[in-house]
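Okay, so here's the structure we're looking at.
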Amino acid sequence: MTSTSPARTGALAWRLARQGLHEPSEADAVAVVRRMLAVRAWPGTIATTAARIRSTTAPDVQEAVARRDLVVVYAFGGGSYVTTPQVAALLHAARLVTGIWRTGRWQRQGDFALDDWEPLRAAVRERVADGPATRAEIGALLEGIPSLRHLATAAREGSGADSLLKPLHWFGDLRFGPARDGETTFALHEPEPRAIDDLDLDEAGRRLVALALASFAPLTVANLEQWIGEGLGVPRRRLAGWVDGLGDEIARVDVLGTPALCLAEDHDGLLASQPSGDVHLIPGYDPWITVPGTSDASLVASHRRPLATRGASLVLHGGVVAGTWRRKGGALAVTWFDEAVTVPRAAMDAAVTRLGDALDLALDVTVERD
Numbered sequence: 277m278t279s280t281s282p283a284r285t286g287a288l289a290w291r292l293a294r295q296g297l298h299e300p301s302e303a304d305a306v307a308v309v310r311r312m313l314a315v316r317a318w319p320g321t322i323a324t325t326a327a328r329i330r331s332t333t334a335p336d337v338q339e340a341v342a343r344r345d346l347v348v349v350y351a352f353g354g355g356s357y358v359t360t361p362q363v364a365a366l367l368h369a370a371r372l373v374t375g376i377w378r379t380g381r382w383q384r385q386g387d388f389a390l391d392d393w394e395p396l397r398a399a400v401r402e403r404v405a406d407g408p409a410t411r412a413e414i415g416a417l418l419e420g421i422p423s424l425r426h427l428a429t430a431a432r433e434g435s436g437a438d439s440l441l442k443p444l445h446w447f448g449d450l451r452f453g454p455a456r457d458g459e460t461t462f463a464l465h466e467p468e469p470r471a472i473d474d475l476d477l478d479e480a481g482r483r484l485v486a487l488a489l490a491s492f493a494p495l496t497v498a499n500l501e502q503w504i505g506e507g508l509g510v511p512r513r514r515l516a517g518w519v520d521g522l523g524d525e526i527a528r529v530d531v532l533g534t535p536a537l538c539l540a541e542d543h544d545g546l547l548a549s550q551p552s553g554d555v556h557l558i559p560g561y562d563p564w565i566t567v568p569g570t571s572d573a574s575l576v577a578s579h580r581r582p583l584a585t586r587g588a589s590l591v592l593h594g595g596v597v598a599g600t601w602r603r604k605g606g607a608l609a610v611t612w613f614d615e616a617v618t619v620p621r622a623a624m625d626a627a628v629t630r631l632g633d634a635l636d637l638a639l640d641v642t643v644e645r646d
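So this is what it looks like as C-alpha cells:
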C-alpha cells in the first residue's frame with residue numbers, strides 16, 4: 277500500500293530558507309557547513325554538492341578542510357563527517373555521554389584495558405604532532421612501546437582499529453588527515469589534551485540541541501531522538517533533560533497537528549512563513565534528510581523511505597521528497613513520484629540550473645514518472 281505525498285508547509289519553507297536552499301547566499305564553505313551542522317565526508321561529492329547548492333560562491337569544502345577551518349571526524353553511526361571544530365566538540369561531547377569505550381565488549385574488540393587509555397592518548401598525540409599517520413604507522417608506533425605493544429595489531433586493522441581510534445576522536449585528540457596513497461590518515465585535532473572527566477557534557481548537549489533547532493526547526497522530539505539519540509547513542513532521558521534545560525530559549529509549535537520545537541527567537545517568523553513551490557535537487561545523505569531522519573513522514577512518504585535511507589539523490593518540492601535524480605555526465609534523469617503533484621516545470625528548470633552551476637556542468641534533463 278502506498279502513502280500520499282507529505283504536505284508542503286510554511287514550516288518547511290522556513291527551514292529551506294534557513295538552510296540557504298530557498299535563496300542561496302554568498303556564504304563561504306565554513307558558513308554553509310555550520311548551517312548544515314555536519315555532512316558526510318565520503319564520498320567527497322556529497323559535501324561539495326550539498327554546500328554548493330546552498331551558496332552562490334561555489335564554496336570549496338575540501339580547501340576549507342585543508343586549512344583546518346573545517347574538520348573531518350568520526351561522528352554519527354561511526355561514519356566520517358565534515359563539520360566545524362566548534363560543532364565537532366559538541367558532537368563528541370554528546371558521544372562521550374555513552375561511555376561506550378568503557379564497556380567490556382568495546383575493550384575486547386581493541387584488546388585493551390581502561391588503564392591503557394591515557395598512555396595510548398599520549399603516545400598517539402605525540403606521533404601525530406609530527407604529522408598525519410596511517411593506521412599501520414600508529415600500529416608500528418605501539419609495537420615499539422612495551423606497555424602498549426598488545427594494542428598494535430588492533431590499531432592496524434579491523435574493528436579493533438575503530439575501537440581504539442574512534443574514542444580518540446571523541447576525546448578531541450584526533451581528526452582525519454589527508455589521504456595518502458589511498459590510505460586514511462589521522463592528524464592531531466586539539467593542540468592540548470582534554471581532561472574528559474572535567475567536561476560539562478550536559479551543557480554541551482543543550483547547545484547541540486539549540487544548534488539543531490537554529491538550523492532545522494521545527495523539529496519534533498522524535499527528530500532529535502533520531503539525530504542525537506540514535507546517531508550519537510545519547511539515552512532518551514538524558515536528551516529530554518537537555519531539551520527541558522533550554523527552558524525559555526525554545527518554543528513549542530504545532531505543524532499540522534504534530535507538536536514540534538523551535539528557538540523562541542524564531543517562533544514568529546516560522547509561523548508567518550508560507551509554503552514553498554520551489555524544487556531542489558539534493559545529493560544523497562544531504563543533511564536536509566539525515567538530520568530530521570528518513571522516518572520523518574512530513575518529509576518522505578513511508579513507501580519511499582528506503583530510497584532516502586539508501587542514499588538516493590532526492591528531488592524536493594517545497595521541502596518534501598517528490599522524486600529522485602541521477603546523473604551521468606551532462607545527462608540528468610529525474611524520476612518524479614506519481615503521488616506528487618504535476619511537475620512544476622519552471623521550478624524544475626531553476627533547480628536544474630542551480631545544480632548545473634554547483635557542478636559546473638551544462639545539464640540536459642529528462643523527467644519520468646514513477
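Here the sequence shown stands for residues 277 to 646, where the numbers follow this note's numbering.
All C-beta atoms in this analysis are idealised placements derived from N, C-alpha and C, irrespective of residue type, glycine included.
From a predicted model like this one, the values you see are computed outputs, not experimental measurements.
query	result
Coarse secondary structure for ILE558, derived from DSSP in three states	strand
N- and C-terminal bounds of the beta strand (DSSP E) containing ALA527	526-531
Three-state class that DSSP yields for ARG603 in the structure shown	strand
Integer Cβ distance of THR359 from LEU367, believed to fall under 8 angstroms	7 angstroms
Assumed close pair GLY353, GLN385 - CB separation to whole angstroms, cut-off 8 angstroms	Not really, about 16 angstroms apart at Cβ, beyond 8 angstroms.
PRO300, enclosing beta strand (DSSP E) - first and last residue	Segment: none, PRO300 is in no beta strand (DSSP E) and carries neither H nor E.
Stretch-stretch touch, CB-based, cutoff 8 angstroms, three pairs: the stretch 294-313 with the stretch 479-497	yes
Coarse secondary structure for THR278, derived from DSSP in three states	Confidence at THR278 is low in this model, with a pLDDT of 46, below 50, so the placement of that residue should be treated as unreliable; the coordinate-derived value is given next. Looking at THR278 - three-state DSSP - the assignment turns out to be coil, as it is neither helix nor strand.
Other residues of its chain near GLY587: CB distance less than 8 angstroms, five sequence neighbours each side excluded	GLY560 and TYR561
Nearest-angstrom beta carbon gap, PHE452 and VAL348 [assumed within contact, 8 angstroms]	4 angstroms
8 angstroms contact criterion, which ALA577 and GLU615 should meet: CB distance rounded	6 angstroms
Chain-order list of residues whose beta-carbon lies under 6 angstroms from that of ALA303 (same chain, five-residue window excluded)	SER331
Classification of ALA287 by the beta-carbon crowding that lies within 10 angstroms, buried from 16 upward	buried
Euclidean distance between Cα positions of PRO282 and ALA305	31 angstroms
Supposed close pair VAL617, TRP601 - CB separation, criterion 8 angstroms	Wrong, their Cβ atoms sit about 17 angstroms apart, outside the cutoff.
Alpha-carbon to alpha-carbon, PRO300 and ALA334	11 angstroms
Simplified DSSP assignment, three categories, for ALA536	strand
Pick from LEU522, ALA323, ALA498 and LEU575 that is closest to ARG512, judged by C-alpha positions	ALA498
C-beta atoms of GLY415 and ALA398 nearer than 7 angstroms	no
HIS465 in three-state terms, based on DSSP	coil
As assigned by DSSP and simplified to three states, the class of LEU635	helix
Span separating the alpha-carbon of ALA342 from that of ALA351	19 angstroms
ARG403, enclosing alpha helix (DSSP H) - first and last residue	393-404
Top-ranked residue by Cα proximity to GLY507, from HIS593, HIS465 and VAL373	VAL373
Test item: CB-CB of LEU418 and ALA409 under 7 angstroms	no
Cutoff 6 angstroms; reference THR611; Cβ partners in own chain excluding five residues on either side	GLY599, THR600, GLU644 and ASP646
Backbone CA spacing between TRP518 and VAL485 [nearest angstrom]	7 angstroms
Span of the alpha helix (DSSP H) around VAL337	337-342
Bridge-paired residues (DSSP) for ASP640	ALA607
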